[in-house]
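Some notes on the structure that comes next.
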Amino acid sequence: MTARSELTASLLSALRDVPGLRPATPSTTAAAANLPWDLDVMAVDISEDVVEIRVVALSVPIPPLTETAGAVLRAVLAGTAWENASLRFVVTDVDAAALVP
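Numbering follows the working numbering, in which position 85 of the sequence shown is assigned residue number 138; successive positions increment by one, without gaps.
Below, the structure is given as structure tokens:
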């Protein structure tokens, strides 16, 4: 396992503990569940200067969710080669249930 793949796994694990957000993946169908790899890794891009994670908001308002996730994921980045990288969240969608009063 490379340092980037280990970091990706750690980031996704931490993100799963943040209520209100989930990784944005290209498919959530039952057929995709049968694939032999974790599709959530497709939501994470790691470059030298930027760690970008695409997410779906499961609740609103969104800024407190991304602030919480930022603090959690920044702790994961601490002590790695990416601890000074920019952490960017891209909200690709808002779950319809988040908008129901």
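Every residue gets a Cβ at the ideal spot worked out from N, C-alpha and C, and that includes glycine.
| Check | Outcome |
| --- | --- |
| Residues bridged to Ser-63 [DSSP beta-bridge criterion] | In DSSP, Ser-63 forms no bridge with anything. |
| Coil, strand or helix - Val-94 by DSSP | helix |
| Inter-stretch contact at 8 angstroms, needing at least 3 Cβ pairs: the region 125-132 / the region 94-102 | no |
| Euclidean distance between Cα positions of Pro-54 and Glu-105 | In the sequence on display, residue 54 carries Met and not Pro. Those two C-alpha atoms are separated by around 20 angstroms. |
| CA nearest to the CA of Glu-120, picked from Trp-135, Leu-140, Ala-150, Glu-101 | Leu-140 |
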